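Residue numbers (my numbering): 103 to 567. We put the beta carbon where it would ideally sit given N, CA and C, even for glycine. All values reported here derive from a predicted model rather than from experimental measurement.
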Ligand SMILES: [Ca+2]
């Protein structure tokens, strides 16, 4: 990817010749395919029985990560962290928002710096298609306020009960009211494919944010009953997603820009009711690996060697520094970033994790700290946790809802997190406890305000209403 020297050269060129447009060839296009509630065990190449040949092909052509963690186990905070490269507690968005007055002013703070805002500095055209979920009607937090040049989508989850959640928007305007959900993914895919086909001088960033596999589980007619008895309606839904990924990949190939386009495939959190996190345990709403570890695939012909499977711990927050690196943009130095540049890891230069620790928050509650294979679950009560962890629908995943004593897990031998090995490894537990104390002081906990924590501004944040 772009060396420091090359970046310095680009910087000097931009300083000396402000009207010189750096050619697209110098800066790759970036396509981020972000999927919703797709579990670690929902993709063929991750061991699923579901058929996802196009996503598998993307992995075969690039790098598949087996240990990519998202910063939250639900949609909203996971997306806030993705866009800012910072833990939700740090960037002020630890809770998922809803269409109620409580969240009227709750979005991404305008002072946060997002991926598209940074890429814009390098002349990127930033396009967003799909689910935003970060405050569409909140002043300063619309995708166009967050650095995107254009937007098409249903801004939140599709909902039968809220008309605004069935409205397709183009930028800030209503494009179509009451759209049938079955049409949406195809509409999005056409938008993205047509955009890729256009000739343009400047590089682009596309943030394609799917509704699949979040509820409603309603595949388009042509995919119904196509995944067989074992796949069911969920398998059909995943087939529809897979076909969309295939169309985007094919458009990149046909446009002849594969060697100049980084494609990333990533999920926002673990699976809900119908999905699978196998061989991990738990899913959406909980601090188990099944809630946080997600499929993550990186494909860039000629830059990322094909056929790699990498087991180093990386995070969704690493995309911001990665994209800055490939675009030749300096990362912001006026704030703490939790993401780290994984360029070297992707190109095979250094396969190790750039992270020493990962911190698992459930809403405002620090619940676990990880260092490589070791994960320390911290004591917690139901009252410490947000409504989603306590709700009846999360029953099957109510694992460790109450924890009186810490648990130490060796994830290498026990990925399902069943065996407490704290008695055998007191030094490891002590180190992780120390790190928990440190991060709690820095970005907070349910009963602590951190020194580097943006105020979320929510009253009674653990409750939905
Ligand atoms: Ca989600």
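| Item | Value |
| --- | --- |
| Under 7 Å from any heavy atom of ligand 1, does the C-beta of residue 138 make it? | yes |
| So, with DSSP's three-state summary, where would you put residue 386? | coil |
| Quick one, are the C-beta atoms of residue 372 and residue 348 less than 8 Å apart? | no |
| Flag residue 170 as yes when its Cβ comes closer than 7 Å to any non-hydrogen atom of ligand 1, and as no otherwise. | no |
| Can you name the residues that DSSP bridges to residue 272? | 254 and 275 |
| For residue 145, which option in 160, 134 and 133 has the closest C-alpha, if you only look at C-alpha atoms? | 160 |
| With DSSP collapsed to three states, give me the class of residue 555. | coil |
| Taking the CB atoms as reference points, tell me whether residue 510 and residue 530 lie closer together than 8 Å. | yes |
| Taking its Cβ as the centre, do 16 or more other Cβ atoms sit within 10 Å of residue 264, making it buried, or is it exposed? | exposed |
| Measuring alpha carbon to alpha carbon, tell me which residue in 363, 332, 383 and 193 is nearest residue 517. | 383 |
| Given 7 Å as the limit, tell me if residue 144 has its C-beta closer than that to any heavy atom belonging to ligand 1. | no |
| Taking 8 Å as the threshold (C-beta atoms), are residue 550 and residue 556 in contact? | no |
| Fully enclosed by the region 156-195, which beta strand (DSSP E) runs are 3 residues long or longer? | 165-171 |
| Is the beta carbon of residue 212 less than 8 Å from the beta carbon of residue 197? | no |
| Along the chain, where does the alpha helix (DSSP H) that runs through residue 577 open and close? | Limits of the chain in this structure are 103 at one end and 567 at the other, which puts residue 577 out of reach. |
| Taking its Cβ as the centre, do 16 or more other Cβ atoms sit within 10 Å of residue 436, making it buried, or is it exposed? | exposed |
| By the DSSP assignment, the beta strand (DSSP E) with residue 401 in it spans what residues? | 395-401 |
| On the three-state DSSP scale, how would you describe residue 327? | coil |
| Please classify residue 279 as buried or exposed, where buried requires at least 16 other C-beta atoms within 10 Å of its C-beta. | exposed |
| Select from 171, 408, 190 and 401 the residue whose C-alpha is nearest the C-alpha of residue 354. | 401 |
| Only counting the same chain, and skipping five residues up and downstream in sequence, which positions put a Cβ closer than 8 Å to that of residue 489? | 564, 565 and 566 |
| Quick one, which of 134, 443 and 189 has its alpha-carbon nearest residue 452's? | 443 |
| Who are the Cβ neighbours of residue 226 in its own chain at under 7 Å, not counting the five residues just before and after it? | 304, 305, 306, 307 and 429 |
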